[in-house]
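Count along the sequence shown from 1, add 169, and you get the number used in my numbering.
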Amino acid sequence: MMVVMIGLLAIGIMGCGKSESTSASPKQTTFQKAKKDKRVVVGFANEKPYAYATSDGKLTGESVEVARVILKRLGIKEMDGVLTEFGSLIPGLKADRFDMITAGMFITPERANEVDFANPDYSIGEAIAVKKGNPYHIKSYEDIKNNSEVKVGVIAGTAEANYVKESGVNASQITVISDNPSALSALQSGRVDVITMTGPALRSLLDTAKSNNVEKVKDFKQPVINGKSVKGYGATVFRKQDDDFREAFNKELEKMKKDGELLKILKKYGFTENELPGDVTTEQLIK
Numbered sequence: 170m171m172v173v174m175i176g177l178l179a180i181g182i183m184g185c186g187k188s189e190s191t192s193a194s195p196k197q198t199t200f201q202k203a204k205k206d207k208r209v210v211v212g213f214a215n216e217k218p219y220a221y222a223t224s225d226g227k228l229t230g231e232s233v234e235v236a237r238v239i240l241k242r243l244g245i246k247e248m249d250g251v252l253t254e255f256g257s258l259i260p261g262l263k264a265d266r267f268d269m270i271t272a273g274m275f276i277t278p279e280r281a282n283e284v285d286f287a288n289p290d291y292s293i294g295e296a297i298a299v300k301k302g303n304p305y306h307i308k309s310y311e312d313i314k315n316n317s318e319v320k321v322g323v324i325a326g327t328a329e330a331n332y333v334k335e336s337g338v339n340a341s342q343i344t345v346i347s348d349n350p351s352a353l354s355a356l357q358s359g360r361v362d363v364i365t366m367t368g369p370a371l372r373s374l375l376d377t378a379k380s381n382n383v384e385k386v387k388d389f390k391q392p393v394i395n396g397k398s399v400k401g402y403g404a405t406v407f408r409k410q411d412d413d414f415r416e417a418f419n420k421e422l423e424k425m426k427k428d429g430e431l432l433k434i435l436k437k438y439g440f441t442e443n444e445l446p447g448d449v450t451t452e453q454l455i456k
């Protein structure tokens, strides 16, 4: 597997301005140009375990490595990263700041109105963290709703931000935060009483921080939205006009499911066999 090294300073610069994406000319699709140049630019939000820059500048993560394998199989050898806040990823893709999003983004009908998703490469539930001892006895979004004193931190632009609202939590209880490390800091400082994100993201955050004053709620009850228990499916994201790229990507992803390569990557980043996406397609998820 090819290793792409990206300096942290370079990521910061790319994150602030317009990248040199492989945005295609009218006569050439993004996929065609990427194959010709053997290079693609991806947007990511520095969220473990999906996509992040290591201390030595390597772009990695579950979503990144799945895409890296597929792109290599498609003849695209280089992957450059553009660091972007999660809530700005879709606008950035539509503005041609990058060619695709590798951030473990959940597939939702609302997002699918703006962009196209590849088929999912993982499926997971939600999780919450609280102060040590869980002083407010929070085990569900319902518990947050029922206690007006509780403040919950959510990451801007995430599915969890919508789930909390749709669960009936009052807007005055919700604090929108830019990223996962900032959410943990808000919990540690008492700015919020609970934070919520996907299970793998929270597990990775707490493992990295090694904080002794917060804990993951082990018996968290998954939210029920519109009568259905929430289970999120994440995927790589493409622009609406890049059907050829997405279709080629999906074909290789299906091969990875069958040959075991997908599970191998998932396990490397803390996922389990239970978090494989199965045969679920994006088309089914956005109906």
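Built from N, CA and C at the ideal position, the CB exists for glycine as well.
For LYS385, no alpha helix (DSSP H) run applies; the uninterrupted beta strand (DSSP E) run containing it begins and ends at 383 to 385, by DSSP.
By the C-beta density criterion, SER317 is exposed, having fewer than 16 other C-beta atoms within 10 angstroms.
By the C-beta density criterion, LYS217 is buried, having at least 16 other C-beta atoms within 10 angstroms. Just so you know, the alpha carbons of MET269 and LEU262 end up roughly 7 Å apart. Beta-bridge partners of LYS308 (DSSP): none assigned. In the three-state reduction of the DSSP assignment, GLU254 falls in the coil class. Taking the CA atoms as reference points, VAL386 sits about 8 Å from ILE307.
The beta carbon of ILE364 sits closer than 6 Å to those of ALA298, GLY322, ALA352 and LEU356, all from its chain and outside the five residues before and after it, given in chain order. The C-beta separation of LEU431 from LEU454 comes to about 18 Å, leaving the pair out of contact by the 8 Å criterion. Assigned with DSSP and collapsed to three states, PHE407 falls in strand. In this structure the segment 363 to 380 touches the segment 331 to 351; the number of beta carbon pairs closer than 8 Å is three or more. Within the segment 210 to 257, the complete beta strand (DSSP E) runs of at least 3 residues fall at 247 to 252.
Comparing C-alpha distances from TYR402 to each of GLU416, ASN215 and ASP448 shows the shortest one belongs to ASP448.
In the three-state reduction of the DSSP assignment, PHE414 falls in the helix class. By the beta-carbon neighbour count (other beta carbons within 10 angstroms, threshold 16), ASN303 is buried. By the Cβ test, the segment 279 to 294 is in contact with the segment 391 to 407, since at least three Cβ pairs between them sit closer than 8 Å. Straight through space, the alpha carbons of VAL319 and TYR305 are spaced by roughly 8 Å. Remark: fewer than three beta-carbon pairs, one from each stretch, lie closer than 8 Å, so the segment 200 to 208 and the segment 220 to 236 are not flagged as touching.
Collapsing the DSSP output to three states places LYS205 in a helix.
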